[in-house]
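Chains as they are written, first to last, in this note's numbering: chain A, 1 to 222; chain B, 1 to 222.
Encoded as structure tokens, the structure appears first; notes follow it.
Protein chains: 2
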Amino acid sequence: MSRQWPGWLIVLEGADGCGRSTQTATLKAWLERRGYAVVETGLRRSALAGDLISRAKHGNRLGRTTMSLLYATDLADELENRVLPALQAGSVVLADRYIYALMARALARGAEQDWVDELLGFAPQPDLTLYLQTTPEDRLQRSLAKDPHLDYWESGMDLGLSPDRFTSCLQYQNLLQAQYEALADRYGFVKVDGAAARNETHEQVREAVRRLLEGGEELAGA
Amino acid sequence: MSRQWPGWLIVLEGADGCGRSTQTATLKAWLERRGYAVVETGLRRSALAGDLISRAKHGNRLGRTTMSLLYATDLADELENRVLPALQAGSVVLADRYIYALMARALARGAEQDWVDELLGFAPQPDLTLYLQTTPEDRLQRSLAKDPHLDYWESGMDLGLSPDRFTSCLQYQNLLQAQYEALADRYGFVKVDGAAARNETHEQVREAVRRLLEGGEELAGA
């Protein structure tokens with residue numbers, strides 16, 4: 001497939017608490033030092049639906065189908081209005097989560113693969129997807145260290161796995177993990193060790209990004 | 001297919017200006033006089049996304065994919081929170097437009113049939129879909145009589161068919177008409193003459209609804 005635009009779409013994926021936001025920020029700074037124009041994106045950022053999702057989640061009243069559709073709407077708006085123009089202008093777009101996070105969550109809640117694939121089929125394939133691998137236990141510890149109150153949705157409380165939030169969270173994070181691993185194989189994610197020291201993880205991220213950007217000419221004709 | 005709930009889902013479809021709202025209101029009153037509990041629904045009514053659509057359309061900045069997804073989100077929320085509970089409680093739900101209006105609009109804008117089918121596959125099949133047939137010319141006259149300012153979206157201005165709103169509207173309404181006719185065949189709509197006198201149209205609507213409700217026992221086992 002030939003590249004459709006002069007920019008690059010780089011995605012960082014991984015379950016909550018894997019260190020994704022830190023790595024995204026560090027990568028952004030590194031790219032900017034090298035002279036690239038960088039645009040950050042992610043979930044719940046669209047002008048259209050970002051706030052709405054936050055408010056709707058607060059009420060814990062979102063049905064599963066509605067939640068998937070609302071996140072897809074948010075992503076479509078962000079793509080149409082910010083991401084595609086940035087790619088066309090030659091920027092590096094860093095996405096702190098993308099369609100794969102939506103897929104993992106929907107599939108963990110019993111959505112059909114075909115439905116999810118079609119629903120999110122409007123989104124362009126990234127040039128590179130980095131997957132920060134960590135264990136559910138690691139992530140839970142990191143989350144708890146940051147905030148002792150476990151989030152309703154991150155704990156998968158809507159799934160009814162357990163009335164105890166801690167138990168539910170661990171079980172839900174295991175379900176998500178299985179979905180992410182399957183997506184990693186299916187979409188060729190580049191795996192990065194998210195459990196390593198922060199600098200070491202960043203070195204792995206940088207290496208993959210360097211290969212992408214410096215091999216840009218070859219990729220263009222591939 | 002066996003009926004999944006004790007209530008009935010009755011849909012009125014037809015392009016803007018076909019007299020749908022009048023027929024829905026008249027049908028509701030007629031059903032209530034006969035002792036049925038009636039719940040009205042339609043597009044842009046959900047607590048979650050209804051207002052958002054209205055605001056986003058006002059700005060004329062919605063991309064096509066985003067528009068389809070946002071309407072689907074609105075419908076999913078309305079289904080989960082109002083329609084399904086009403087059907088389970090044995091009410092008659094009258095929908096002033098349903099998935100078919102979303103399909104017609106998306107298909108007229110070049111969306112792929114498979115994508116649209118999967119996207120809206122979460123919505124249950126109605127027990128009866130009434131299709132109010134009128135000509136684009138009739139509808140345009142009715143719309144203009146009500147409001148001399150033609151709506152941006154109803155005129156399909158986003159399609160770039162013509163810079164003249166009147167010309168664009170007529171062309172767009174013809175495109176929609178072709179989509180509705182194809183959907184009518186595909187989903188077995190009951191066609192009603194929307195160009196007839198209001199009472200005559202209503203008589204046709206009532207007749208189809210009477211057959212559905214009084215044949216309820218047979219349908220239950222079909």
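Glycine included, every Cβ here is placed at the ideal spot set by N, Cα and C.
Sequence-distant residues of the same chain with beta carbon closer than 8 Å to residue i, five excluded per side
| i | result |
| --- | --- |
| Val83 of chain A | Leu9, Val39, Thr41, Val93 and Ala95 |
| Val190 of chain A | Leu128, Thr129, Leu130, Tyr131 and Ala208 |
| Gln113 of chain B | Leu107 |
| Leu212 of chain B | Trp8, Ile10, Asp127, Leu128 and Leu219 |
| Gln88 of chain A | Trp5, Pro6 and Gly7 |
| Pro148 of chain B | none |
| Thr167 of chain B | Leu161 |
| Ser21 of chain B | Asp96 |
| Arg61 of chain A | none |
| Tyr180 of chain A | Glu13, Gly14, Ala15, Tyr100, Ala104 and Tyr131 |
Identified DSSP bridge partners for residue i
| i | result |
| --- | --- |
| Gln133 of chain B | B:Asp193 |
| Val38 of chain B | B:Val92 |
| Leu128 of chain A | A:Ile10 |
Beta-carbon neighbours of residue i, restricted to chain A and to distances below 7 Å
| i | result |
| --- | --- |
| Trp115 of chain B | Glu118 and Gly121 |
| Leu70 of chain B | Thr73 |
Under 8 Å from the C-beta of residue i: neighbouring residues of chain B
| i | result |
| --- | --- |
| Thr66 of chain A | Leu48, Thr73, Ala76, Asp77 and Glu80 |
| Leu52 of chain A | Leu48, Ala49 and Leu52 |
Terminal residues of the beta strand (DSSP E) in which residue i lies
| i | result |
| --- | --- |
| Val11 of chain B | Trp8 to Glu13 |
Cutoff 7 Å; reference residue i; Cβ partners in own chain excluding five residues on either side
| i | result |
| --- | --- |
| Met1 of chain A | Low local confidence applies: a pLDDT of 42 at Met1 of chain A is under 50, so the model's placement there is unreliable, with the coordinate-based value given in what follows. Answer for Met1 of chain A: no residue qualifies. |
| Gln23 of chain B | Leu12, Leu132, Thr201, His202 and Val205 |
| Gln173 of chain A | Ala15, Pro136, Arg139 and Leu140 |
| Gly121 of chain A | none |
| Leu79 of chain A | Ala123 |
| Ala72 of chain B | Leu102, Leu119 and Leu120 |
| Thr26 of chain A | His202 |
| Leu159 of chain A | Arg109 and Tyr172 |
| Leu31 of chain A | Val38 and Val92 |
Short Cβ contact (8 Å threshold) for residue i with residue j
| i | j | result |
| --- | --- | --- |
| Leu161 of chain B | Pro136 of chain B | no |
| Arg139 of chain A | Ala56 of chain A | no |
| Tyr100 of chain B | Glu13 of chain B | yes |
| Leu69 of chain A | Ala123 of chain B | no |
| Arg142 of chain B | Gly17 of chain B | yes |
| Thr66 of chain A | Leu48 of chain B | yes |
| Ala134 of chain B | Gly188 of chain B | What sits at residue 134 of chain B in the sequence shown is Thr, not Ala. Not in contact: Thr134 of chain B and Gly188 of chain B (Cβ atoms no closer than 8 Å). |
| Arg44 of chain A | Gly50 of chain A | yes |
| Glu118 of chain A | Trp5 of chain B | no |
| Pro126 of chain A | Tyr98 of chain A | yes |
| Leu52 of chain A | Leu52 of chain B | yes |
| Gly7 of chain A | Ala111 of chain A | no |
| Asp74 of chain A | Ser46 of chain A | yes |
| Ser91 of chain B | Ala37 of chain B | yes |
Limits of the alpha helix (DSSP H) - the one that residue i falls within
| i | result |
| --- | --- |
| Trp153 of chain B | Unbroken run through Trp153 of chain B: none, as it is neither H nor E. |
| Asp114 of chain A | Gln113 to Leu119 |
| Ala178 of chain B | Arg165 to Tyr187 |
| Tyr71 of chain A | Arg64 to Glu78 |
| Trp30 of chain A | Arg20 to Arg33 |
| Ala101 of chain A | Ile99 to Ala108 |
| Ala123 of chain A | Segment: none, Ala123 of chain A is in no alpha helix (DSSP H) and carries neither H nor E. |
| Val83 of chain B | Premise fails: Val83 of chain B is in no alpha helix (DSSP H) and is neither H nor E. |
| Ser46 of chain B | Neither: Ser46 of chain B is in no alpha helix (DSSP H) and is coded neither H nor E. |
| Arg198 of chain A | Arg198 to Glu214 |
Neighbour list for residue i in chain B, Cβ cutoff strictly below 9 Å
| i | result |
| --- | --- |
| Gly63 of chain A | Ala76, Asp77, Leu79, Glu80 and Asn81 |
Amino acids of chain B, ordered along the chain, whose beta-carbon sits closer than 7 Å to that of residue i
| i | result |
| --- | --- |
| Ala56 of chain A | Leu48 |
Per-residue contacts from residue i into chain A (C-beta, under 9 Å)
| i | result |
| --- | --- |
| Leu9 of chain B | Ordered by position in chain A, no residue passes the 9 Å Cβ test against Leu9 of chain B, which lies about 17 Å from the chain. |
Cβ-based neighbour list, residue i, same chain, cut-off 6 Å, excluding 5 preceding and 5 following
| i | result |
| --- | --- |
| Arg165 of chain B | Leu150 and Ser155 |
| Glu217 of chain B | Any answer about Glu217 of chain B is weak, because its pLDDT of 45 lies below 50 and its placement is not dependable; what the coordinates show is given next. Nothing meets the Cβ criterion. |
| Ala184 of chain A | Tyr131 |
| Arg109 of chain B | Arg64 |
| Ala222 of chain A | Note on Ala222 of chain A: pLDDT 36, under 50, position unreliable in the model; no value is reported. |
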